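**Student:**
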Amino acid sequence: MNPIFYDFKRGVLRISVIVTLVIFTLAGVGVAYAILAFIATMPNPQQQVLHSYIDTSTGEFKLEVLLLNPDLKPIDGEISYKLGCYNATTLRQLQEDLQLGKITPEVYEEEFEKLLRIIDEDVVRSSSGRVVVVKNLREYISRDLIYKLYINVTTVYGTIVQAIRTGAGTLYFPLEVNNKTVYVLVSTPIPFAISSIRVTKDTITTAPQETLIATPIPSAVVSVGVVGEVEMKSPGIVSTSLYALGFEKSLLITSLYSFEDVYFDVYIEKLNVTEIPKTLSINDIEKYFEHVGVVHSGIGVLELNMTLLERGLRPIQPSLYVLLVSRSENSTMYAITRTNISPLQGGVTKMIVSTQIVGSVGVSLFITFFPVIVLYLVYIYIAKPRAQGALEFVLARPITRFELYTTRYFAGVLVVLVATVLFYTALVLSVYFFTGVLLDLYQSILLYAGLSLALIAFYSLCYMLSAFTSGTRYIVVSVITYMVFSILWNLLVYLVVISLRGFGVGLAQELMRAQYTSYYFTPLGIYYFMQYYYTVYVTGESVLTVESIINPLFICISTITWITIPVVLGWLVFKKTSLSG
Amino acid sequence: MVIEVVKVSKSFGRIKALDNVSFTVNNGEVVGYVGLNGAGKTTTIRIAVGVLPPDSGDVFIDGYSVTRDKKRASKIVGWVPESPIFESEFKALDYFIYLAGYYGISANEARRLGIELLEKFGLGEAMYRKLSEYSQGMKKRFALAISMINDPPNFIFDEVLNGLDPRGIAFFRELAVEFRKRGKAVLFSSHILSEVEGVADRVVFIHRGRIIGIYNMDEIRYKARPALEILLSRLDNHVLKILEKYGEPSIIGEQRVILRDPRVDSSVVISDLVNSGIGVLEVKREEKSLEEFFFSLIKKAESDHL
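In order, the protein sequences belong to chains A and B.
Per our numbering, the first sequence starts with residue 1, numbered consecutively.
Per our numbering, the second sequence starts with residue 582, numbered consecutively.
#1: Ends of the alpha helix (DSSP H) at V363/A?
#2: Looking at the unbroken alpha helix (DSSP H) that takes in R386/A, where does it start and where does it end?
#3: Within a Cβ cutoff of 6 Å, which residues of the same chain sit near G59/A, ignoring the five residues on either side of it in sequence?
#4: Could you tell me whether the Cβ of G77/A comes closer than 9 Å to any Cβ of chain B?
#5: Based on Cα-Cα distance, which residue from Q531/A, V374/A, R386/A and G436/A lies nearest to T481/A?
#6: From S884/B to I833/B, what does the alpha carbon distance come to, in whole angstroms?
#7: Which of the three DSSP states, helix, strand or coil, is assigned to I75/A?
#8: For V238/A, count neighbouring Cβ atoms within 10 angstroms of its own Cβ and tell me buried if that reaches 16, exposed if not.
#9: Suppose you measure from the CA of V222/A to the CA of N340/A; what does that come to, to the nearest Å?
#10: What residues in its chain sit with their C-beta under 6 Å from that of E290/A, if we drop five residues either side in the sequence?
#11: Would you say V630/B lies against chain A (beta-carbon separation less than 9 Å)?
#12: Decide yes or no for the touch test of the stretch 425-443 of chain A against the stretch 384-401 of chain A: beta carbon pairs closer than 8 Å, at least 3 of them.
#13: Kindly list the residues whose CB is nearer than 8 Å to the CB of S128/A, restricted to its own chain and excluding five residues on each side of it in sequence; keep chain order.
#14: Apart from the five residues on each side of it in sequence, which residues of its chain come closer than 6 Å, Cβ to Cβ, to T279/A?
#15: Can you give the Cα-Cα distance for P70/A and K672/B, rounded to whole angstroms?
#16: Nearest-angstrom Cα distance between R473/A and S592/B?
#17: Could you confirm whether any beta carbon from chain A is found closer than 9 Å to the beta carbon of I596/B?
#18: Flag R627/B as yes if its beta-carbon sits less than 9 Å from any beta-carbon of chain A, otherwise no.
#19: Can E64/A and R130/A be called in contact, C-beta distance under 9 Å?
#20: Tell me the DSSP secondary structure of S637/B in three-state form.
#21: L377/A versus chain B: which residues are under 9 Å apart at the beta carbon?
#22: Just to confirm the assignment, what range does the alpha helix (DSSP H) spanning H51/A have?
#23: Under 9 Å, do D600/B and G794/B count as touching if we go by C-beta distance?
#24: Can you check whether the C-beta of L694/B is within less than 9 Å of a C-beta belonging to chain A?
#25: Taking CB distances under 9 Å as the criterion, tell me whether L871/B reaches chain A.
#26: I believe R841/B touches R806/B by the beta-carbon criterion, under 8 Å. Please report the beta-carbon distance rounded to the nearest angstrom.
#27: So N136/A is in the beta strand (DSSP E); what residue range does that whole segment cover?
#28: Can you tell me whether S831/B is buried or exposed, with buried defined as 16 or more other CB within 10 angstroms of its CB?
#29: Checking contacts by CB at 9 Å: is A383/A closer than that to chain B?
#30: Of the choices L50/A, I190/A, V536/A and V133/A, whose alpha-carbon is the least far from that of L447/A?
#31: For G158/A versus K82/A, is the C-beta spacing smaller than 9 Å?
#32: Where do the N-terminal and C-terminal ends of the alpha helix (DSSP H) with F723/B fall, by residue?
#33: Residue range of the beta strand (DSSP E) that A766/B falls in?
#34: Considering Cα atoms alone, identify which of E776/B, K826/B and I851/B is closest to L812/B.
#35: Is T159/A helix, strand or coil by DSSP?
#36: Assuming A454/A and L377/A form a contact by the criterion Cβ under 8 Å, report the distance between their Cβ atoms to the nearest whole angstrom.
Written out as structure tokens, the structure is:
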């Protein structure tokens with residue numbers, strides 16, 4: 001067996017190294033968690049689609065939720081909801097008193113809480129992003145009440161919390177058909193459009209009635225109609241959202257409530273139609289609209305093979321008509337909304353996750369602390385056995401001193417490479433498991449190369465130190481070296497720059513320039529350069545100040561120098577040194 | 582001629598540890614390498630096994646230079662140091678397998694060989710124990726097992742009997758004799774001449790980094806055979822004549838004579854002298870004759886050096 005692999009194998013089979021490798025792997029998972037925890041503190045980018053109703057005649061309460069990540073892909077999470085109800089008249093009076101300044105917000109909150117009655121609450125985990133809850137709340141249901149849903153959604157992107165104390169829940173909208181009232185809640189991601197369902201015999205009025213384009217405040221999402229006082233006589237209501245996912249695909253999300261559980265054909269305004277008449281015959285629908293799918297009561301997600309974007313990622317039109325039609329022998333139900341086209345920036349999730357991977361709680365954490373493991377590797381390979389005098393007995397085998405020096409060097413390099421692979425794989429797979437985001441090959445190469453080369457360069461430096469010193473002295477010197485290069489480096493650079501030029505305009509740029517220049521002079525510099533290239537690749541934005549400093553040729557020279565020169569210098573000392581301890 | 586030390590010199594800073602040291606150890610021969618502590622024995626041996634580069638000179642193992650052809654030379658020489666030091670966190674058998682890798686032996690073969698050799702050298706029950714738990718004697722046996730990985734034709738024992746119990750001492754002595762029988766060249770260092778007496782064919786004496794003598798064991802025994810030191814009332818030819826009947830007398834003072842290799846008990850010599858009218862004032866028997874010989878060499882070397 002080649003001595004390098006043998007030393008690698010016996011190096012890896014040490015308890016300390018195995019523990020190290022386990023730490024590397026766990027660190028990968030841990031860093032993934034840290035990234036998620038950090039993402040959870042960012043403005044919440046997740047979305048959800050709601051569909052809920054309370055049937056006052058049967059007491060049936062249904063809640064259907066679809067959780068979506070920033071790329072509008074289903075994502076699993078946990079929902080905790082509370083269904084609250086109020087006396088409509090008293091609440092209206094209370095709100096008026098607050099608006100007129102008759103009561104303070106504190107008093108309002110107190111009175112509001114007295115008024116609020118929670119009639120159902122639960123915590124449910126989603127499956128494939130979906131949650132469906134059906135309950136019978138007959139004893140709590142009354143036509144004199146108004147209902148609000150308070151829903152907290154928790155995914156890897158954090159928790160969206162709706163404040164119950166201030167009543168910032170989502171209001172149910174009362175619909176009345178055949179002397180029966182149903183409280184309905186339909187909600188699709190912002191921006192959306194809502195329309196009631198109408199009944200017709202042969203014509204469709206295209207001017208949307210009782211439709212609102214949502215305001216960006218979620219709590220005001222479905223304030224359609226007059227709260228709690230006027231029941232709209234309509235067989236149903238629909239909310240639609242339309243997203244352009246890049247140039248080729250689009251996504252239509254619907255949340256539909258219909259008294260009758262029937263299918264609705266979904267149409268979207270044809271792009272080549274210049275103007276749609278205000279009234280059109282049912283038979284003319286296909287002249288102006290294109291059939292894109294079928295939905296029924298509940299949540300619907302339709303992928304459309306439509307190009308809704310033009311160059312510059314601008315929508316072809318600001319909005320399009322979306323028509324839902326359900327025909328029967330006697331009559332036709334339809335709803336029409338004018339839905340804004342929202343260009344969805346592709347790979348939002350990936351960008352968020354990718355950026356965080358190299359962030360302060362991501363791989364940077366690894367590159368800050370894992371050189372400690374590297375200096376320990378050198379200690380167990382060379383510094384400690386040399387101090388004990390154990391290398392001499394090894395050298396008495398059929399091996400030259402140079403081979404002894406190099407086999408242990410390359411064995412350590414192999415451990416570093418394998419440890420980095422373990423860490424990196426654990427990190428990437430954990431991130432993939434939690435977020436569904438998988439880094440691409442280029443990102444992986446940049447990060448892996450940056451990490452492994454930086455650690456190898458630091459390993460080389462420590463290896464050289466082990467030739468000059470051994471045992472405890474090596475520990476002291478290498479820890480100081482680690483502190484300087486890994487912990488204090490940026491601070492030292494800042495201190496030098498500030499002491500030379502003082503505070504003033506352009507200091508930040510000067511510091512950044514000095515920082516990147518200094519990376520040529522640290523063994524860990526290659527990581528920061530690769531991190532920069534990675535960030536530019538992920539965000540598409542380069543930093544002019546850094547671009548003027550960063551040079552691939554210099555990076556190569558710096559890295560090769562940091563890896564080779566210490567090893568060579570170390571050898572010049574090691575070849576003459578006594579190994580007898 | 583299998584272990585050939587040729588004009589080896591080595592300094593540590595200002596201290597000259599070895600000065601132009603040369604000697605050879607032949608096939609089927611055990612050579613004792615004797616010197617006081619710090620004389621340069623271990624330095625010579627470390628150079629001979631290739632773990633310490635000499636300042637000048639070279640050591641050849643079966644003709645292979647330890648400085649220029651170290652790998653070949655190391656393959657054909659075994660070494661048991663005075664205090665073997667290993668990477669002690671290893672278990673014995675694992676470390677054996679690891680070091681066997683340098684001889685190009687596969688892990689499976691090394692495991693088989695390791696079990697065989699460790700059992701042979703009395704470490705069968707300790708082969709799965711950590712080397713840090715080994716006693717000095719066990720460490721020496723382990724070093725021996727490692728050195729026997731490829732059963733080399735040359736062997737170097739460095740102060741190997743130090744710190745061993747009588748059984749351990751006997752073990753290594755017998756081993757050296759067995760190696761000689763098997764035609765190996767064996768260098769056996771010690772700071773006590775009598776330690777190598779029973780095993781060595783020749784002895785190389787070193788003092789302060791210089792070789793001060795190379796003698797056959799018979800020659801040493803002859804020169805260092807037992808003697809009676811006698812102080813007489815008078816010393817003349819008549820007295821010498823009487824003494825010549827019992828050994829080899831030589832005058833060392835005005836009335837003082839040494840009778841080397843006495844063939845009879847001292848009482849016989851004394852009664853003969855007294856019956857012949859010669860007063861015997863004092864009789865001393867020299868017991869540590871080998872060491873006396875060794876010290877006389879040192880004394881001579883120091884006076885020559887001055």
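Glycine included, C-beta positions come from ideal geometry on N, C-alpha and C.
Since this is a predicted model, take the numbers as computed values, not measurements.
**Tutor:** Short version:
#1: V363 to F369
#2: Run containing R386/A: K384 to Q388, per the alpha helix (DSSP H) assignment.
#3: N136, L137, R138 and I141
#4: Not closer than 9 Å to any Cβ of chain B, the Cβ of G77/A fails to qualify, so no.
#5: For T481/A, the closest of Q531/A, V374/A, R386/A and G436/A by C-alpha to C-alpha distance is V374/A.
#6: 19 Å
#7: coil
#8: buried
#9: With a pLDDT of 34 at V222/A, under the threshold of 50, the modelled position of that residue is not reliable, and no figure is offered here.
#10: If the five residues before and after E290/A are omitted, its C-beta is found closer than 6 Å to the C-beta atoms of I268 and K270, all from its own chain and listed in chain order.
#11: yes
#12: Taking a cut-off of 8 Å on C-beta distances, the stretch 425-443 of chain A does not touch the stretch 384-401 of chain A, as fewer than three cross pairs fall below it.
#13: P74 and D76
#14: T203 and T205
#15: Whole-angstrom Cα-Cα distance: 55 Å.
#16: Note on geometry: alpha-carbon atoms of R473/A and S592/B lie some 25 Å from one another.
#17: no
#18: yes
#19: yes
#20: strand
#21: By Cβ distance, chain B contributes nothing, its closest Cβ being about 14 Å from L377/A, past 9 Å.
#22: That residue, H51/A, is in no alpha helix (DSSP H); its beta strand (DSSP E) goes Q47 to D55.
#23: no
#24: no
#25: no
#26: 6 Å
#27: R130 to N136
#28: Answer is exposed; the Cβ neighbour count stays below 16.
#29: no
#30: Taking only the C-alpha atoms, the option nearest L447/A is V536/A.
#31: no
#32: Q717 to S728
#33: A766 to S771
#34: I851/B
#35: strand
#36: Between L377/A and A454/A the Cβ distance is about 14 Å, and since that is not below 8 Å, they are no contact.
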